[in-house]
Each structure stands twice: as structure tokens, then as C-alpha cells.
Amino acid sequence: MKISKQSRRDAKTLFSACRVNGVLDEGRVRLAVTQVISRQPRGYFGTLHQFKRLVKLDLDRRSARVENAVETTPAQVEAIKANLERQYGSGLNISFWVNPALIGGLRIKVGSDIYDGSVAGRLAEINNSL
Numbered sequence: 018m019k020i021s022k023q024s025r026r027d028a029k030t031l032f033s034a035c036r037v038n039g040v041l042d043e044g045r046v047r048l049a050v051t052q053v054i055s056r057q058p059r060g061y062f063g064t065l066h067q068f069k070r071l072v073k074l075d076l077d078r079r080s081a082r083v084e085n086a087v088e089t090t091p092a093q094v095e096a097i098k099a100n101l102e103r104q105y106g107s108g109l110n111i112s113f114w115v116n117p118a119l120i121g122g123l124r125i126k127v128g129s130d131i132y133d134g135s136v137a138g139r140l141a142e143i144n145n146s147l
């Protein structure tokens, strides 16, 4: 699907209007989409398609997955949350997972950034270097 420059600009404007203090507001996103659908301006389908893409990218950028080989203690959870929020800002959706395949350590994925401090990751690095 080819999206016009105007649709891209409109989507970017909508996206900016839906942000509150640098964080995307779900209520504003829903309201913006319903208003665009009800008014149906020229090229609205392309605008909504681009807007959806921007929202998805923002949600991916604002989500973090923390994998640990064992159950994470509450003190570790708070320390990890504080460090991630200091680095990436508030409004981060953090989920914690147990992955015994890591053997030990942590693997953290925030958006497209991956921090691998696991034993399995280090063993893989050694294996690749040989």
C-alpha cells in the first residue's frame, strides 16, 4: 500500500497529539481513531495505517522483557525497574520471565536493545569465538 506524504504527516500529527508527558495515552489514541473513522477525511485509510505503525513502534519501544534463570526476588525486581526507568524513562511496561535455559544471569530486551548477562549467552560467545 502506497501512503501519501500528507497521510504520513497527518498520522505523525495525530501521534504527537496522543502523547502526554512523552508517554502515549491509550484513551487519546482510541478517541483519535474513532474521530478519524467518523469524519473519513481524504486518505484516512492511509493515515490510520501509518498511525497504527507509529503506535506499534512506540509500544515495542516501551516494553521490556526480563528473563532470569530462577525466580526474581522482589528486591531484584525493584532494582531492575529503577535502573530501566532511569535509562529509558517512565511508562515502561516490564514483564519478568523465568527461563531455565539461561543457566544463570539475566537477559533484558527493551525494544530492539538486548542486554545479555546470562551464562548461556557467554558460553555462546565463547563458542562463536573459537
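Basically my numbering = 1-based index in the sequence shown + 17. Ideal placement from N, C-alpha and C gives every residue a C-beta, glycine not left out.
Taking the alpha helix (DSSP H) that residue i falls in, what are its first and last residues?
i, result
"Val115", "Careful: Val115 lies outside any alpha helix (DSSP H), inside the beta strand (DSSP E) at Asn110 to Val115."
"Ile131", "From DSSP, Ile131 is part of no alpha helix (DSSP H) but of the beta strand (DSSP E) over Asp130 to Asp133."
"Asp27", "Lys22 to Ala34"
"Gly39", "Neither: Gly39 is in no alpha helix (DSSP H) and is coded neither H nor E."
"Gly138", "Val136 to Ser146"
Residue range of the beta strand (DSSP E) that residue i falls in?
i, result
"Ile125", "Leu123 to Val127"
Measuring alpha carbon to alpha carbon, tell me which residue in the options is nearest residue i.
i, options, result
"Pro58", "Ala28, Val83, Leu101 and Leu74", "Ala28"
"Leu5", "Gly134, Lys98, Ser107 and Leu123", "No answer is possible for residue 5: the residues shown for the chain start at 18 and end at 147."
"Val127", "Ser80, Val40 and Gly44", "Ser80"
"Ala34", "Ala49, Arg25, Lys22 and Lys73", "Ala49"
"Leu133", "Glu84, Glu95, Ala92 and Leu147", "This sequence places Asp at residue 133; Leu is not what is there. Closest option to Asp133, Cα to Cα, is Glu84."
"Thr89", "Leu123, Val46, Asp130 and Gly138", "Leu123"
"Ser24", "Leu71, Gly39 and Gly138", "Leu71"
"Arg78", "Leu109, Lys98 and Gly60", "Leu109"
"Ser129", "Gly138, Tyr105 and Glu95", "Tyr105"
"Ala86", "Trp114, Ala141 and Leu140", "Trp114"
"Tyr116", "Ala99, Ala137, Ile97 and Arg103", "First, the residue type needs correcting, since residue 116 is Asn and not Tyr in the sequence shown. If we check each option's Cα against that of Asn116, Ala137 comes out closest."
Using a Cβ-Cβ cutoff of less than 7 Å, which residues in the same chain neighbour residue i once the five nearest sequence positions on both sides are dropped?
i, result
"Ile20", "Gly63, His66 and Gln67"
"Ser55", "none"
"Gly60", "Ser21, Gln23 and Ser24"
In chain order, what residues of the same chain have a beta carbon less than 6 Å from the beta carbon of residue i, not counting five sequence neighbours either side?
i, result
"Arg82", "Ser112 and Lys126"
"Leu31", "Ala49 and Phe68"
"Arg47", "none"
Keeping to the same chain, check which residues put their C-beta closer than 8 Å to that of residue i; ignore five residues upstream and five downstream.
i, result
"Asp42", "Cys35 and Arg36"
TODO: Taking only runs that begin and end inside the segment 48-90, name each unbroken beta strand (DSSP E) of 3 or more residues, in chain order.
DONE: Here the runs fully enclosed are 80-85.
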